[in-house]
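Engineer: Below: one structure in structure tokens.
There are 2 protein chains.
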Amino acid sequence: MSKEIPYKIYLEEQEMPKEWYNVRADMKKKPAPLLNPGTHQPMTLEELSGVFCEELAKQELNETDAFIEIPEEIRNFYKMYRPSPLVRAYCLEKKLGTPAHIYYKFEGNNTSGSHKLNSAIAQAYYAKKQGLKGVTTETGAGQWGTALSMACSYFDLDCKVYMVKCSYEQKPFRREVMRTYGASVTPSPSMETNIGRKMNADFPGTTGSLGCAISEAVEVAVSTEGYRYVLGSVLSQVLLHQSVIGLETKAALDKYGIKADVIIGCAGGGSNLGGLIAPFIGQKLRGEADYRIIAVEPASCPSLTRGSYVYDFCDTGMVCPLAKMYTLGSSFIPSANHAGGLRYHGMSSVLSELYDQKLIEATSVEQTAVFEAAQQFARVEGILPAPESSHAIRVAIDEALKCKETGEAKNIVFGLTGTGYFDMYAYAAYSDHTMTDYIPTDEEIAASLAKAPKF
Amino acid sequence: MSKEIPYKIYLEEQEMPKEWYNVRADMKKKPAPLLNPGTHQPMTLEELSGVFCEELAKQELNETDAFIEIPEEIRNFYKMYRPSPLVRAYCLEKKLGTPAHIYYKFEGNNTSGSHKLNSAIAQAYYAKKQGLKGVTTETGAGQWGTALSMACSYFDLDCKVYMVKCSYEQKPFRREVMRTYGASVTPSPSMETNIGRKMNADFPGTTGSLGCAISEAVEVAVSTEGYRYVLGSVLSQVLLHQSVIGLETKAALDKYGIKADVIIGCAGGGSNLGGLIAPFIGQKLRGEADYRIIAVEPASCPSLTRGSYVYDFCDTGMVCPLAKMYTLGSSFIPSANHAGGLRYHGMSSVLSELYDQKLIEATSVEQTAVFEAAQQFARVEGILPAPESSHAIRVAIDEALKCKETGEAKNIVFGLTGTGYFDMYAYAAYSDHTMTDYIPTDEEIAASLAKAPKF
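Protein chains in written order, with the numbering used here: chain A, 1 to 455; chain B, 456 to 910.
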């Protein structure tokens, strides 16, 4: 193709996806099902519908439909901030002196500041459609809570967020963004729930964990008339909604006849990576094309690269279904010096299964190397990346530097999931050279994994 | 025109402006010239070139060329974040139940988070081209300093920012963004300059002011080999660069055959408003079209609506040229409870002259009303607006509500200059009902104006 590639490839409104892509439909060996924590039997639609909105429960269980229509109301909302640009990183390429072509799909161009909004709006829509009064959720660093509060505001739904206490205190701005959009934000563990009261009693002064906040949010959802629980990652429904990222990316590349060689995404619970790679892995599963796909996780929370592929608890209170996933054990808590997101102990069961089938690779990186890449990227590309996203930047730069050695003009595509405006303490630590790395020992991981359910 | 109007009107790369528009060329009565503070004679190119980059000094004095080419390097940088979208505020219209069509030009889609980058990159470019080592500047709330640090990073120029001390301490995140982009940030008044040492001696414990930070930055620029001073608003060169906002806005409206009825922008020093309205006021000056144009300023710093049109000092140290402008007096400092930007005591001489010729209107609004509009806008349109921008939102909503009464389907266009991520303390104060309003008394303004130079 001789068509000159612009800095940003935008799709026209009419080129935007009208259907999400459900990668499970093309998987011969499906991801392992969610299990009832009491009976160890696969969760039924009825059981799931007690916790989740009914339509979302259906999506969670749907392994057969490759395409699921995006309701018009959601498409209209998407139009407010989508299509997101696929950016050719000309400046970064020049700075690195690499023959590689680097592209990034930028999902930070909305107030939530991250890709999380893509699923938040879908989940809020289905809650509204079901006639619910509101939803509950947890948030750690705050990206998901921010996105959900925006989505609920749009549909006039009540939104109760349980925010890990240390983040609630250390990230007051995130909290205030959620309040501005009308959400109630409660530090977790709180005194409002049984699990919260128990945690506060058992561990006085605890600053909370994501697993505990999940348990609190679920407890409130199932015990409050007209409420359901929603989650921003890990679940297959979330990866389904996030497929809009990958579908747009592929459409934009196709528009200019570009064939990706390497696709790179950061991976915590898997929402971004699962969405970004969806249509590409679909081609791979159908034998239509091949791509190198790399999941990048923090060395401090390395579920794919150092975890075990077993059934595990999803939360501290053990009220959620069990999921088979690459996991570090539900009691694993990344070192407090770990600066940004990607802190969940497990990985989406879809991605776990794809990884187990060796359809995707995984690598882990340390945070000082991540922030080095973040700063370098910001200075040439202008965008201040979220620490989460910067994991992908690190590996994209490394791959581009390999191309410099070999002289290969590979097409490297990575997901830039969001912006780092609320992570300036971490950037300051990097600038001040006070940031440190921490890699958990094998013993730590083994001790945490030992508490996984045995069956 | 029957063409359906999308949520966001994007221009193609080739539709982007290749020239800035210099509104002074079409003004029969020109803005009053900058004067040498010693001789009271118009500043010469030579004098201006001691403070500013030579090419920028030329632009400052250029009243004859209607169009000035945007150098290719700057256009290439613009392509990284421009064209910015012109958004049809469908959701806001629906919420208000107005027949009006509301459009906003969103300039917050870059890491600086505001329109300031449009001029920052131009100024950095000319500094680099002149072979300078670096530039100095001041920043208050931090939007300009952030933008300039990005621009300098791109061109590998040193960037010294004097940041008003209270902002330096209260807005550590802004400071860290600038450091991430490689700028040095010094709280003002500092002990590094004569004026800084004098202010610290005369007013022990002072938390600084914009006027003092300007004086410090100018002092360092003129006394350091290879440095010049740059400014983010007020100057005619800045309005010239910001005309890219208005040119894109007009091109996008024209593309869909939309004729604006009312154009609204917030006004501090005038950089955004002057840029947004440039091509429209040009048509007005040439008698080709008519528009209502409204400048919105804070009731706590009302230079157009309550100031006098006289020559005044631009800085505390009185080292800068004198400018004829609507001013509250250079010693005027808005109440400390004023939350967001737009704190400069004077107004761009171009806008002052247009206002004096009654080609634009002005109004002032109180901050609680501004944050009410900001919150309402965020909840339906998704974007979290900067307090500055929200002044324009307030008046756009008021105009749309008038249309609801009259049944008129007016086209209302306003400038959404940036995002409010770094203003969450103010949003929190609004949410907590602790935000208050303050309107200066006539006596306060008169006392400050009494110190303006007499001649």
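Glycine included, each C-beta is placed from N, C-alpha and C at the ideal position.
#1: In its own chain, which residues sit with a C-beta less than 8 Å from the C-beta of A/SER448, not counting the 5 before and 5 after it?
#2: Would you grab the beta carbon distance between B/TYR880 and B/GLY568 for me? Rounded to a whole angstrom, and I think it's under 8 Å.
#3: Of all the residues that make up the segment 170-192 of chain A, which are near chain B by a beta-carbon distance shorter than 9 Å?
#4: Would you say B/GLU899 lies against chain C (beta-carbon separation less than 9 Å)?
#5: Please state the DSSP three-state secondary structure of A/PRO189.
#6: Along the chain, where does the alpha helix (DSSP H) containing A/GLY274 start, and where does it finish?
#7: Short check: CB of A/TYR309 to CB of A/SER352, under 9 Å?
#8: Can a CB atom of chain B be found closer than 9 Å to the CB of A/MET1?
#9: Please name the residue or residues paired with A/TRP20 in a DSSP beta bridge.
#10: How would you label B/PRO840, buried or exposed, when you count the other beta carbons within 10 angstroms and need 16 or more for buried?
#11: Reducing DSSP to helix, strand and coil, say where B/CYS721 ends up.
#12: At least one CB of chain A closer than 9 Å to the CB of B/THR782: is that the case?
#13: Which value, in whole angstroms, describes the spacing of the CA atoms of B/ASN792 and B/MET890?
#14: Spatial neighbours of A/PRO33 within its chain, please: CB distance less than 6 Å, with the 5 preceding and 5 following residues excluded, ordered by chain position.
#15: Have a look at A/CYS53, A/TYR326 and A/TYR10 and flag the residue whose alpha-carbon is nearest the alpha-carbon of A/TYR81.
#16: Would you identify the three-state DSSP class for A/ASN110, choosing helix, strand or coil?
#17: Quick check on the DSSP output: the alpha helix (DSSP H) that includes A/TYR168 runs from which residue to which?
#18: Can you say whether B/PRO734 is buried or exposed, counting buried as having 16 or more other CB atoms within 10 angstroms of its CB?
#19: Indicate whether B/GLN692 and B/SER574 have their beta-carbon atoms separated by less than 9 Å.
#20: By the 8 Å beta-carbon criterion, what residues does the segment 694-716 of chain B contribute toward chain A?
#21: Measure the Cβ-Cβ separation of B/SER504 and B/GLU703 and say whether it is below 9 Å.
#22: Looking at the structure shown, is A/GLY142 part of a helix, part of a strand, or coil, going by DSSP?
#23: Compare the beta carbon distance of A/THR139 and A/GLY232 with 9 Å and say whether it is the shorter of the two.
#24: Can you tell which of A/PHE173, A/LYS404 and A/THR224 has its C-alpha closest to the C-alpha of B/TYR882?
#25: Using a C-beta cutoff of 9 Å, does B/THR891 count as contacting chain A?
#26: Is the shortest distance between the beta-carbon of A/GLY205 and the beta-carbons of chain B less than 9 Å?
#27: Counting contacts by CB-CB distance shorter than 9 Å, is B/VAL825 in contact with chain A?
#28: For B/GLY801, does the three-state DSSP call read helix, strand or coil?
#29: Alpha carbon to alpha carbon, how far is A/SER364 from A/GLU54?
#30: I believe A/ILE412 touches A/ILE102 by the beta-carbon criterion, under 8 Å. Please report the beta-carbon distance rounded to the nearest angstrom.
#31: Rounded to whole angstroms, what's the CA-CA distance from B/LEU809 to B/ILE815? Just pull it up for me.
#32: Count the other CB atoms within 10 Å of the CB of B/PHE832; is the residue buried (16 or more) or exposed (fewer)?
#33: Taking the beta carbon of B/THR494 as the centre, do at least 16 other beta carbons fall within 10 Å, making it buried, or is it exposed?
#34: So, does the segment 650-663 of chain B touch the segment 705-723 of chain B, judging by three or more C-beta pairs under 8 Å?
#35: Between B/GLU524 and B/ALA579, what straight-line distance do the alpha-carbon atoms span, to the nearest angstrom?
#36: Looking at the strands, I want to know which residues DSSP matches up with B/ALA750.
Structural biologist: Concretely, from the data shown:
#1: LEU328, GLY329, SER330, SER331, PHE332 and HIS345
#2: So it is not a contact: roughly 16 Å between Cβ atoms.
#3: PRO172, PHE173, ARG174, ARG175, GLU176, VAL177, ARG179, THR180, TYR181 and GLY182
#4: Absent here is chain C; the protein component of the structure consists of chains A and B.
#5: In this structure, A/PRO189 counts as coil in the three-state DSSP scheme.
#6: 271-285
#7: yes
#8: Its pLDDT being 43, under 50, A/MET1 is placed unreliably in this model, and the value from its coordinates should be taken loosely. Closer than 9 Å: no.
#9: A/ILE68
#10: buried
#11: strand
#12: no
#13: Here the C-alpha atom of B/ASN792 lies approximately 8 Å from the C-alpha atom of B/MET890.
#14: PRO42
#15: A/TYR10
#16: coil
#17: Looking at the DSSP string, the run of the alpha helix (DSSP H) that includes A/TYR168 is 165-170.
#18: buried
#19: yes
#20: none
#21: Result no, Cβ atoms of B/SER504 and B/GLU703 do not sit closer than 9 Å.
#22: coil
#23: yes
#24: A/PHE173
#25: Cβ-Cβ to chain A under 9 Å: no for B/THR891.
#26: no
#27: no
#28: Three-state DSSP puts B/GLY801 in a strand.
#29: If I take the Cα positions, the gap works out to 36 Å.
#30: A/ILE102 and A/ILE412 do touch by the CB rule: their CB atoms are close to 5 Å apart, below 8 Å.
#31: Distance from the CA atom of B/LEU809 to the CA atom of B/ILE815, rounded to whole angstroms, is 6 Å.
#32: buried
#33: Burial check for B/THR494: the Cβ neighbour count within 10 Å stays below 16, so the residue is exposed.
#34: no
#35: Separation of B/GLU524 and B/ALA579 (C-alpha to C-alpha, rounded to the nearest whole angstrom) is 16 Å.
#36: B/GLY720 and B/ALA817
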